[in-house]
Structures are given as C-alpha cells and as structure tokens.
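Quick notes on the structure that follows.
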Amino acid sequence: MPQQARNTGDARAAVGPAAGWAAMLALKFLNGRNRTILSEVQHRGPLRVQRPFYPGDGSCHVYLLHPPGGCVGGDTLAMDIVAGAGASALLTTPAAGKFYRCAAPELAQGQAVTLHAEAGALLEWLPQETLVFDGAQPRMSTSISLDETAAFIGWDILCFGRPAAGQTFEHGRLRQSLAVYRGGRLALHERLALDAGSPAMTAAWGLAGQTVCATFVAVMPDPADPGAALREALPDSAAPCWGITFKQGIALVRYLGPSAAQCRRGFDAARALLLERCLGLAKSRPRIWNT
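Residue numbers for the sequence shown, in the working numbering: 102 to 392.
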C-alpha cells in the first residue's frame, strides 16, 4: 500500500537516526462483514502485536508488545496505525512503557506514533503509562489524522522517576509533541519541553512538583461541548489535579498529580461517558487491564 508505506516512513523520520535498536510497526484495520479485522501487519525489530481480540461488539482489540521492556539510549520506536472506513479498533499495551537512563547526551530515545481514522471509523489509542527514569532523554511525537466523520479517543500518561522507590527525575530531559488534524486541517498542536532540575518541574506554572502529567484527547462527530458531563464523571473532579478544555471540537482532560492509578480511573470514566453520550456505545474494557 503506497499510502501506508509513506506514513511509516514519516514515523521513522520523526524519531531520527538511531545508534541503538530501531523498531517499527504498521497496522491497518478494515471493517469486515461482522466485525473489524486486522488486515495488514508490518514490523521490524522488537515491536510486535499479540493476536487480535474480539469483545463481541464488532470492534478489534490489539495489544502492542515491546519485548525489551523499555528504551535505552539510541533506541527508537515508530508506529503507524490506520483504521479504515467504518472500522472500530482499540490499541493498548500489557505494561507500562519505559525510558531508561541514557549513557551519553547524544543518545536520546525516540518514539513516533501516527494514527489515522477514515470515514466513520472509531480509533482508540489507550497505552498504559510511560515511566521516564532519571537520566532519560525521550523525544516523543504523536500525530493524529481524522476524517471529519471519524471518532478518536486517546491518552498519554507520563510518570517521572519512581517516587515509591525514592528515585526522582533529577537528570535528563523530555521533548513531546501532539498534533491533531481533522479533514486535513490542523486543529490542535501542542509541544512540551521539560528539563530535569529546571523551574518547569517545580514551579506552579509547570508541574508544581507533581510526578504524573497526562492528557486525554477525544474527537467526536457530535459538536456539543461535553465539559459539564465530564466534570460530573471524573472522580474527585473538584480536586486541583484535573482540568477540562473543549476547543474546535476536541475535548481535552488534563491530569497533574501524584498518582497514575487515579489518572487512569479518571480517564477511563471520561472514555466511558463519551462513548455512550456521543456514539451510543457501551464501554468495552480490554481484558488485559484486569490482570
């Protein structure tokens, strides 16, 4: 497929040249007769998928596997996911992603994700949290391209250091970008630049000393603002760790706090609400989340 090959190349270019282990995964989902099917799989290096799971609602669930368990200096991950017209696909991971300490400043880690949903498709990108260890230098990019009639739900949960083990994020840096396109037009573009030890990690205008920073993104065909309903759905919605924005048809839920588990509960509640409210769908929870 020429278009898919081009997209995969774009993902590789986004993470740049690698001195470590490069991995690539490209998937395409199609709307079959009775359910969505995983129709194409391309991979290189240590990035694979388990067999598809079918929860019985017509959707296809896929678990992304990275057997090394994390990225060290120079490693790159490039993922390109396409949901064809009318398809319904959910992607998640069986465990947290990890960026470990880089041995040298020039050996940054890279992760580039490109997500495409065609007319009438529902694409869900729901990875478990990403752990950024002391000394890590990840460069992460996510590009989401949606047809005007497609729906998307996704999240990104960053955890800095391992506070429970007394390990903090004192060295290293993170660069992250998010872009959302609807009907070929850029609707949202965000960048995050954090350096360990900088005021951005501790100041009130930055992370305020918190260790979990996360964003939930939802794009629905329904143009109505779901902000009030989301506030009611979130656990402890009055707590200062939550923020809700609705802009250009994109619902954003932000979390800044001490607990990845609290963040996941809130994002899961937001997902359930939007699926039912905007698409009339019951939440289908990946079985691996229960293990």
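All C-beta atoms in this analysis are idealised placements derived from N, C-alpha and C, irrespective of residue type, glycine included.
Residue i - DSSP class collapsed to helix/strand/coil
i: L295; result: strand
i: A309; result: coil
i: N132; result: strand
i: P300; result: helix
i: R386; result: coil
i: G117; result: Low confidence applies to G117: its pLDDT is 45, below 50, so where it sits in the model is not reliable, and the reading given next is rough at best. Coil, per DSSP.
i: L331; result: helix
i: G110; result: With a pLDDT of 40 at G110, under the threshold of 50, the modelled position of this residue cannot be trusted; read the value that follows with caution. Three-state result, G110: helix.
i: L376; result: helix
i: G358; result: strand
i: D369; result: helix
i: C342; result: coil
For residue i, the residue or residues it bridges with in DSSP
i: S242; result: A213 and S278
Supposed contact pair residue j and residue i - C-beta distance, whole angstroms, cut 8 Å
i: F130; j: A188; result: 4 Å
i: W256; j: V318; result: 7 Å
i: L128; j: E141; result: 7 Å
i: I389; j: Y201; result: About 23 Å separates the two Cβ atoms, so there is no contact after all.
i: L227; j: L191; result: 6 Å
Nearest neighbour of residue i, chosen from the options [CA to CA]
i: T243; options: P341, F368 and E291; result: E291
i: Q148; options: G157, C172, S160 and R274; result: Here residue 148 turns out to be Leu, not Gln, going by the sequence shown. Ranking G157, C172, S160 and R274 by Cα distance to L148 puts C172 first.
i: M241; options: W226, L178 and M125; result: L178
i: Y282; options: L128, G310 and D248; result: D248
i: A197; options: Q229, H144 and L289; result: Q229
i: Q277; options: G175, Q268 and A294; result: A294
i: I245; options: I351, P336 and K199; result: I351
Check your understanding: Touch check for the region 359-376 and the region 300-316: three-plus C-beta pairs under 8 Å?
Key -> yes
Check your understanding: When the Cβ atoms of the region 228-236 are set against those of the region 272-283, are three or more pairs found closer than 8 Å?
Key -> yes
Check your understanding: Given 8 Å as the limit, is there contact between the region 324-336 and the region 345-353, that is, 3 or more CB pairs closer than that?
Key -> yes
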